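Residue numbers (the numbering used here): 23 to 209. Below is one structure; the comments refer to it alone.
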């Protein structure tokens, strides 16, 4: 049995999830695995396989972090990819830059580091994973998809009022389960 993994994330509003899902179903991007719409999120910090006692300690500390970070609005922006340009591993939707998101992520990152959690040190790139493993025959080209996505989503926004810790359940669909939720300060 594999170890359970956890991560801290911003949940996506249900109407935004539905709209992204509908676009994904309509456009059918050439990727092997589309992400289930209930699994759409924006990762703040990946925790990996942490123990129960550390998870409880982290929850206490996150309760403190959210008291100094106010709710904020995010706006869907454009599409992007991770991996080789012609055969990407990950297909994602981004959000417009929002300083409050970066400040929150930085505070959570520091909290995790202070508790001894080994966290990814790469620069933060907020995104919503839509699909994995490019499956097209020709090299990947995004031009028409990005225009279609931006037109369809046209400034779609939602209020971020909480953050959550998700548990990954690889044998289930959807595979992410909320372990704890932390309300941000009212703005």
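Think of the CB as a built atom: it goes at the ideal place given N, C-alpha and C, for glycine as much as any other residue. Fair warning: this is a prediction, and the values are worked out from it, not measured in the lab.
Quiz item: Can you tell me whether residue 69 is buried or exposed, with buried defined as 16 or more other CB within 10 angstroms of its CB?
Solution: buried
Self-check item: Distance, residue 25 Cα to residue 71 Cα
Solution: 6 Å
Self-check item: Among 66, 77, 104, 122, the one whose alpha carbon lies nearest that of residue 33
Solution: 66
Quiz item: For residue 195, which of helix, strand or coil comes out of DSSP?
Solution: coil
Quiz item: CB residue 207 to CB residue 95, shorter than 8 Å?
Solution: no
Quiz item: Among the residues of its own chain, which have a CB less than 8 Å from the CB of residue 141, if the five just before and after it don't count?
Solution: 67, 68, 69, 131, 134, 135
Practice problem: Report the rounded CA-to-CA distance for residue 138 versus residue 78, giving the unit in angstroms. | Solution: 13 Å
Exercise. Work out the CA separation of residue 39 and residue 112 for me, nearest whole Å.
Key: 18 Å
Practice problem: Classify residue 96 as helix, strand or coil using the three-state DSSP reduction. | Solution: strand
Quiz item: Who are the near neighbours of residue 102 in its chain, counting only those whose CB is closer than 7 Å to its CB and skipping five residues on each side?
Solution: 114, 116, 149
Quiz prompt | Closest by C-alpha distance to residue 104, when choosing among 186, 27, 156 | solution = 156
Quiz item: Comparing alpha-carbon positions, which option in 194, 190, 165 lies nearest residue 30?
Solution: 190
Quiz item: Got a sec? Which residues, its chain only, sit under 6 Å from residue 202 by beta carbon, not counting five neighbours each side?
Solution: 81, 187
Exercise. Please go through the same chain and pick out, in chain order, the residues whose beta-carbon is closer than 8 Å to the beta-carbon of residue 55, but skip the five residues on each side of it.
Key: 153, 154, 155
Quiz prompt | Proximity below 8 Å, CB of residue 99 to CB of residue 118 | solution = yes
Quiz item: Starting from residue 189 and walking both ways along the beta strand (DSSP E), at which residues does that stretch end?
Solution: 184-190
Exercise. Assign residue 23 to one of two classes, buried (16 or more other C-beta atoms within 10 Å of its C-beta) or exposed (fewer than that).
Key: Here residue 23 scores only 44 on pLDDT, less than 50, and its place in the model should not be relied on; the value that follows carries that caveat. Residue 23 is exposed by the Cβ-count criterion.
Quiz item: Can you tell me whether DSSP reads residue 181 as helix, strand or coil?
Solution: strand
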